[in-house]
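These notes are about the structure you will find just below.
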Amino acid sequence: MEIANIHDAKSRLSKLVEQALRGEEVVIARAGKPLVRLVPIEADASPRVGGQWKGRVRIAEDFDSLPEDVAEAFGMGPG
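In our numbering, the protein residues as written are 201 to 279.
Here it is, written out as structure tokens:
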């Protein structure tokens with residue numbers, strides 16, 4: 201187990217990260233007292249599940265139509 205004080209960890213962060221990625225335990229301490237453990241993030245391998253918003257969202261019938269005042273503001277409409 202690697203224990204590094206905060207000041208030391210700042211200058212050796214890349215090496216400490218590499219150690220953690222290899223599975224070694226890395227602890228960062230202040231004044232010799234352990235504060236945090238550096239661990240790699242494990243990717244979530246579970247497939248995404250959709251449908252949580254089903255029945256909660258409504259798309260207006262005129263969603264794709266551009267209002268005339270907006271078109272005119274952009275120089276696209278009559279006028």
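The C-beta atom is built at its ideal place from N, Cα and C for all residues, glycine as well.
Enclosing beta strand (DSSP E) for L238 [first to last residue]: L238: member of the beta strand (DSSP E) spanning 233-238, first to last residue.
Every unbroken beta strand (DSSP E) inside the stretch 205-279 [3 residues or more]: Runs of the beta strand (DSSP E) inside the stretch 205-279: 226-230, 233-238.
Starting from the C-beta of E224, find all residues in its chain whose C-beta is less than 7 Å away, skip the five residues before and the five after it, and write them out in chain order. Excluding sequence positions up to five before and after E224, its CB lies within less than 7 Å of the CB of E202, all in the same chain and listed in chain order.
With distances taken Cα to Cα, identify the nearest neighbour of D208 among A231, A220, E272. Distances from the alpha-carbon of D208 to those of A231, A220, E272 put A231 closest.
Am I right that V217 and L238 are in contact with their C-beta atoms under 8 Å? What's the rounded C-beta distance? Contact between V217 and L238 is confirmed by a C-beta separation of about 7 Å, below the 8 Å threshold.
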